[in-house]
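Protein chains in written order, with our numbering: chain E, 54 to 326; chain D, 443 to 713.
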């Protein structure tokens with residue numbers, strides 16, 4: 054089995070080089086709450102190559118979401134540096150497309166207008182934007198639903214609208230925070246397949262946060278595992294399966310071996326201090 | 443992901459007229475009407491059987507007759523009351539929504555204003571009515587101002603609730619795409635607040651009318667509030683009730699207008 058375990062990078066490595074789409078150097082996040090400081094991310098170091106689909110696995114409360122928000126520039130880091138395409142992140146990154154656990158669609162807008170939402174919020178909508186939105190709706194297989202309101206769609210369809218919306222500005226990176234965790238198991242598998250096939254045609258650099266080990270292996274080129282307390286990246290594993298991924302990959306014994314390995318790495322937390 | 447399903451048929455929506463017709467025959471409408479009719483019939487029966495004099499309690503039939511006789515006259519008095527109520531309500535709506543936007547948009551404004559707005563509401567407002575007469579005279583302006591004074595608060599609270607009820611992740615998304623603050627208001631916060639705003643406006647329209655009537659009680663040469671006081675001074679009980687009936691009809695009609703506006707707004711902005 055070709056599993057490569059990469060050692061975490063040292064915090065004082067030379068600064069980011071342009072070959073990495075995303076880098077994190079000694080990233081720490083501390084929230085100040087009424088009951089004192091809470092360390093959401095103790096120290097995160099990683100590099101993500103352009104076009105890599107990286108899943109981040111970890112128990113709840115391990116700071117995965119915080120890490121993603123920092124990559125998106127929506128939360129400042131307490132210390133450490135994150136770069137996108139070599140540029141340090143200092144504010145919201147409009148080059149990132151985002152998906153959350155909830156589709157967060159505007160109920161008063163049609164599916165098409167929801168896909169155009171990010172455009173409409175910062176500039177007038179051009180015919181090209183419309184064309185792109187229509188293309189994306191074909192891609193997520195919602196073309197015939199373009200004039201519907203979100204309430205008329207199923208949960209999986211709404212999340213597909215959110216995926217199309219995340220792609221509307223043709224972002225260089227795609228950040229997804231447990232996008233399928235509110236869906237039922239069957240829809241979730243369908244969405245995984247849909248995302249895999251869309252990724253095969255776009256090859257966007259992606260960070261995909263999930264609780265599901267199977268989902269992580271199925272979708273990604275690389276899996277990062279975050280531990281809890283201290284919340285750091287405790288495992289960094291390449292996923293060896295060829296693309297395009299097919300559901301049959303789950304029948305591969307290597308899949309199961311990787312699954313069990315990751316499961317063990319999440320359950321057996323490293324010794325604290 | 444081959445989704446070849448047809449679009450799910452949305453819950454069948456009949457035309458508004460048919461919906462209204464169905465509503466009229468539904469139990470939810472018939473039952474309260476029957477209850478009200480029974481109470482009025484009992485009132486009529488008690489007045490007739492016990493021979494209660496008109497100066498104490500007129501029978502509903504006597505009120506109806508008095509209303510029919512004096513309707514043109516009462517309608518004249520209804521005009522200023524209605525107009526002042528609409529003016530008070532309109533100003534409340536604009537002021538209330540404006541204040542809510544200000545308070546939600548600016549932390550400074552919130553800290554400086556909001557506790558004071560809330561504190562203001564704790565004052566027994568009716569007790570302040572004479573002050574408005576002193577300050578603004580006996581014309582319409584004092585009654586409209588007083589009406590605004592007692593009806594704007596529900597609009598502020600409801601609008602504020604709506605403006606802050608917006609999904610955090612949606613706001614996060616707005617920041618992520620680099621949206622400007624005012625865009626977030628016009629495209630996200632305000633549309634999301636529409637259902638809340640209307641719940642505030644429905645309270646405001648009833649409060650606005652109360653404000654005008656109280657103002658008319660204190661000083662007025664016209665209006666239904668004035669008529670009620672005048673009729674009381676003449677021991678014209680039937681006329682008082684006739685005025686009250688007309689007030690109820692006007693109040694109901696104004697409320698209905700807000701409800702209709704709400705129905706249209708929710709069709710556009712409702713979830």
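Note that the Cβ used here is the ideal one computed from N, Cα and C, for glycine as well.
Own chain partners of residue i with C-beta closer than 7 Å, once the 5 adjacent residues on each side are dropped
i	result
residue 266(E)	110, 312, 315 and 316
residue 73(E)	100, 101 and 102
residue 567(D)	591 and 592
residue 243(E)	209
residue 149(E)	125, 224, 226 and 228
residue 671(D)	659
residue 504(D)	496 and 680
residue 556(D)	545
residue 444(D)	For residue 444(D), the predicted model reports a pLDDT of 49, less than 50, meaning its position is unreliable; a value from the coordinates is still stated below. Hits under 7 Å: none found.
residue 298(E)	249 and 271
residue 563(D)	595
Residue i, buried or exposed, once every other Cβ within 10 Å from all chains shown has been counted against 16
i	result
residue 320(E)	exposed
residue 184(E)	exposed
residue 130(E)	buried
residue 162(E)	buried
residue 477(D)	exposed
residue 548(D)	exposed
residue 491(D)	exposed
residue 791(D)	Beyond the ends of chain D as shown, which are 443 and 713, falls residue 791(D); an answer cannot be given.
residue 257(E)	buried
residue 701(D)	exposed
residue 279(E)	buried
residue 179(E)	exposed
residue 467(D)	exposed
residue 318(E)	buried
residue 86(E)	exposed
residue 460(D)	exposed
residue 146(E)	buried
residue 42(E)	Past the edges of chain E, shown from 54 to 326, lies residue 42(E), and the structure says nothing about it.
residue 703(D)	exposed
residue 164(E)	buried
DSSP bridge partner residues for residue i (one or two, in chain order)
i	result
residue 141(E)	136(E)
residue 84(E)	91(E)
residue 289(E)	277(E)
residue 73(E)	102(E)
residue 78(E)	134(E)
Cβ-Cβ separation, residue j to residue i (assumed contact under 8 Å), whole Å
i	j	result
residue 78(E)	residue 133(E)	5 Å
residue 526(D)	residue 582(D)	6 Å
residue 534(D)	residue 650(D)	6 Å
residue 608(D)	residue 630(D)	6 Å
residue 253(E)	residue 105(E)	About 13 Å; that fails the 8 Å criterion.
residue 597(D)	residue 642(D)	4 Å
residue 206(E)	residue 186(E)	With a Cβ gap of about 16 Å, residue 206(E) and residue 186(E) do not count as contacting.
residue 218(E)	residue 171(E)	6 Å
residue 310(E)	residue 263(E)	Residue 310(E) to residue 263(E), Cβ: 19 Å. No contact.
residue 594(D)	residue 538(D)	4 Å
residue 542(D)	residue 605(D)	6 Å
Neighbourhood of residue i by C-beta, 6 Å cutoff - its chain only, sequence neighbours within 5 removed
i	result
residue 91(E)	84
residue 69(E)	Unreliable placement is indicated for residue 69(E), whose pLDDT of 45 sits below 50; the coordinate value is still reported in the next sentence. 76, 136 and 139.
residue 235(E)	154
residue 284(E)	94, 95, 115 and 116
residue 585(D)	526, 654 and 657
residue 662(D)	668
residue 696(D)	647
residue 519(D)	664, 665, 666 and 669
Neighbourhood of residue i by C-beta distance below 8 Å, restricted to the same chain and skipping five residues each side
i	result
residue 500(D)	489, 508, 679, 680 and 683
residue 457(D)	none
residue 516(D)	509, 666, 669, 684, 685 and 688
residue 213(E)	193, 194, 195, 244 and 247
residue 128(E)	82, 119 and 122
residue 182(E)	169, 172 and 221
residue 237(E)	208
residue 674(D)	682
Beta carbon proximity, residue i to chain C, threshold 7 Å
i	result
residue 637(D)	Structure shown: chain C not included; protein chains present are E and D.
Contained alpha helix (DSSP H) runs [length at least 4] in the stretch 88-171 of chain E, N- to C-terminal order: 117-124 and 164-168
Quick one: complete beta strand (DSSP E) runs, 3+ long, within the stretch 221-287 of chain E? 226-230, 258-263 and 275-279
I'd like the ranges of any alpha helix (DSSP H) spanning at least 4 consecutive residues and lying wholly in the stretch 604-671 of chain D. 610-618, 623-626 and 632-660
Can you list the alpha helix (DSSP H) stretches of 4 or more residues lying completely in the stretch 549-584 of chain D, in chain order? 549-564 and 571-578
Whole beta strand (DSSP E) elements within the stretch 503-540 of chain D, 3-residue minimum: none
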